[in-house]
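So the sequence shown is residues 379 to 574, counted in our numbering. Beta carbons: idealized from backbone N, C-alpha and C, even for Gly.
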Amino acid sequence: MSHIEVLESELRSFQIELTSEQKRVLARYCDELVHWNKQINLTGLGGSDMVRRLVVGPLWVGCQLKPQGVLADIGSGNGSPAIPLHVLCKFSKAHLIETRARRAAFLRHITTTLELTRVIVHRSRFEEIASELRPVDWITLQGVAFTEELLNSIRNIATATTTIVWISSPDARPPGHPFWTLQVPFTGNTVFLFRC
């Protein structure tokens, strides 16, 4: 099955409706993930698992939260959840923050290939560039250890309305207490939501 076919099947399972253009862009994202994954380790997932966890799961989160404004995605790596969220929500600006050079190169390639506007790739640690990102409305983390040190750096730029979205396993232990928790269907992932 092609990525567009897998994507359409997963979208039906999650009861998410997208435009034809959004589906085309996200299927191309999956194609590029698979291609680049042969050279650099972007994900251990493949097939429908990859589409479900890296694309449709974040889309489901976006449908629940309806984020808008400015996004900062910490540890962007393979582009999830930021790229699917940006395709769905059309943030006014999205910062993809990744320390590793090869993954940052992939992120630059994918944002150019998909013609994603208002997306900025930073090859840096969040703590080093946090002050340059203000103001930020949404901060996402997936596959990143959410430590007290990182939370303190986030607090330095967060406003009273900034929402932190941590997508992790259900047994993860977040620093602090989330104000809301969501279970992503079919993935086993939990979404912890925080405000500073």
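Within the DSSP secondary-structure output, residue 383 pairs in no beta bridge. The beta carbon of residue 537 sits closer than 7 Å to the beta carbons of 513 from its chain, once the five residues preceding and following it are set aside; these are given in chain order.
Sequence-distant Cβ neighbours of residue 496 in its own chain, meaning closer than 7 Å and more than five residues away, are 469, 470, 471 and 472. Our two residues, residue 459 and residue 534, have alpha carbons roughly 23 Å apart in a direct line.
Between the region 444 to 454 and the region 513 to 530 there are three or more C-beta pairs closer than 8 Å, enough to call the two in contact. Take the alpha-carbon of residue 443 and the one of residue 489: they are about 23 Å apart.
Using a C-beta cut-off of 8 Å, the region 422 to 440 makes no contact with the region 504 to 511, since fewer than three inter-stretch Cβ pairs fall below that distance. Where residue 398 is concerned, the enclosing alpha helix (DSSP H) starts and stops at 398 to 415. Distances from the alpha-carbon of residue 446 to those of 539, 572, 554 and 556 put 539 closest. Annotation for residue 568: the continuous beta strand (DSSP E) segment containing it runs 568 to 572. Between residue 437 and residue 394 the beta-carbon gap is near 5 Å, inside 8 Å, which marks them as a contact. Comparing alpha carbon positions, the residue from 440, 492 and 522 closest to residue 504 is 522. DSSP, reduced to helix, strand and coil, places residue 431 within a helical segment of the structure shown. Shown here, residue 426 sits in a helix according to DSSP, grouped into three states. Under the three-state reduction of DSSP, residue 491 is assigned to helix. Exposed is the label assigned to residue 558, since fewer than 16 other Cβ atoms lie within 10 Å of its Cβ.
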